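Asks: In my numbering, the protein residues as written are 100 to 163.
(1) Can you tell me where the alpha helix (DSSP H) holding residue 132 begins and where it ends?
(2) Once you ignore the five residues that flank residue 131 on each side, which residues in its own chain have a CB closer than 7 Å to its CB?
(3) Are residue 113 and residue 127 close, meaning C-beta to C-beta below 9 Å?
(4) When the Cα of residue 100 is compared with those of 117, 139, 144, 116, which residue comes out closest?
Okay, structure coming up:
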């Protein structure tokens, strides 16, 4: 199971809830680019190719 930072866990949960990158940034009170970085890190850590695959893999591991 991938080791995630606190912020990556927050972003993962919001991605799983269907929020766009901009809405995640707004909700977390951070800019767009860090959210994109967190999303890219999540894709890499899970070995996913896109957001849908990321959510599926996280759900299979009970992380969302």
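Glycine is no exception: its CB is placed at the ideal position from the N, C-alpha and C atoms. Note that the coordinates shown come from a computational prediction; the quantities given were computed from them, not determined experimentally.
Replies: With the given structure in hand:
(1) Taking the first residue of the chain shown as 1, we reach residue 132 at position 33. Looking at the DSSP string, the run of the alpha helix (DSSP H) that includes residue 132 is 131-145.
(2) In the chain shown, residue 131 corresponds to position 32, counting from 1. Closer than 7 Å at Cβ, skipping near neighbours: 120, 121, 124.
(3) Counted from its first residue, the chain shown places residue 113 at position 14. Counted from its first residue, the chain shown places residue 127 at position 28. Yes, Cβ-Cβ distance for residue 113 and residue 127 is below 9 Å.
(4) To locate residue 100, count along the chain shown from 1; it is residue 1. Checking every option, the nearest Cα to that of residue 100 belongs to 144.
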